[in-house]
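Working notes for the structure below.
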Amino acid sequence: MNDRDMQNINERVLSAQVKELVFSNHLDYVGIAPVERLAHEPEGRKPDDYLPGARSVISLGIRLGQGVMQANRLAHHGGPRHAIYSYLWYGFGLPSFHYLDRTAFLVTRLLEKAGYIAVPTLAISTFDIQSNLTEFSNQHAAVAAGLGELGFSGLVLTPDAGPRARFSSIITTAPLEPD
């Protein structure tokens, strides 16, 4: 077995470990993209801008619950108005983002223990008014990793949940096996 074969095996093993860790933390989506798939991003928003020498971007996602979505619809269509708080908290609030950020932190630690550098992005992106852009686009990373398509709304449309999913990303120097 030559060095390239060993590298391919290591890429597959580490990629499998990353995915296992993500799913064991109750997230619904994980995909890996080589940084070249995000080469079209604006300056200052490319993986290399966050981590020089980056080779892969990992996208993590969580699906919003059906009950939370029903509560949101009810609140807007004659149901109890306070039902909106279920959506605001569990659909677009801290619990979903906490799971994403916590899991991104754990995956980052796994990658760094394996000898690579990794930078997690926040699940809640901040917005730069001057450039009219968010920081790193978790949505574009999810699309690049094969988790869905970008909708007109700017949200990722997944095959099973449509736009009802939230995402986070990890930029790493690890040469992972892309999806």
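Using our numbering, you'd call the opening residue of the sequence shown number 324 and step up by one each time. C-beta: ideal position from N, C-alpha, C; glycine also. None of the values given here were measured: they were computed from a predicted structure.
- The C-alpha of A446 is placed about 14 Å away from the C-alpha of V479.
- I355 is positioned such that its CB atom lies closer than 8 Å to that of I381.
- C-alpha of Y373 to C-alpha of V442: approximately 8 Å in a straight line.
- Where A467 is concerned, the enclosing alpha helix (DSSP H) starts and stops at 461 to 467.
- By the Cβ rule, the region 425 to 444 counts as touching the region 340 to 356, because three or more pairs are nearer than 8 Å.
- Ranking G477, T496, A467 by CA distance to the CA of L383 puts A467 first.
- Of the other Cβ atoms in all chains shown, fewer than 16 fall within 10 Å of the Cβ of P482; this residue is therefore exposed.
- Assigned with DSSP and collapsed to three states, A446 falls in coil, not helix or strand.
- In the DSSP assignment, A497 falls outside any alpha helix (DSSP H), carrying neither H nor E.
- The closest CA to that of Q389, considering only I493, E500, L499, A488, is found on A488.
- P357 and H400 have their alpha carbons spaced roughly 44 Å apart.
- Counted as a single uninterrupted DSSP element, the stretch harbouring L478 is not any beta strand (DSSP E), since DSSP gives it neither H nor E.
- For the 8 Å CB-CB criterion, N461 and F428 do not form a contact.
- About 7 Å separates the CB atoms of L361 and A464; that is less than 8 Å, so the two are in contact.
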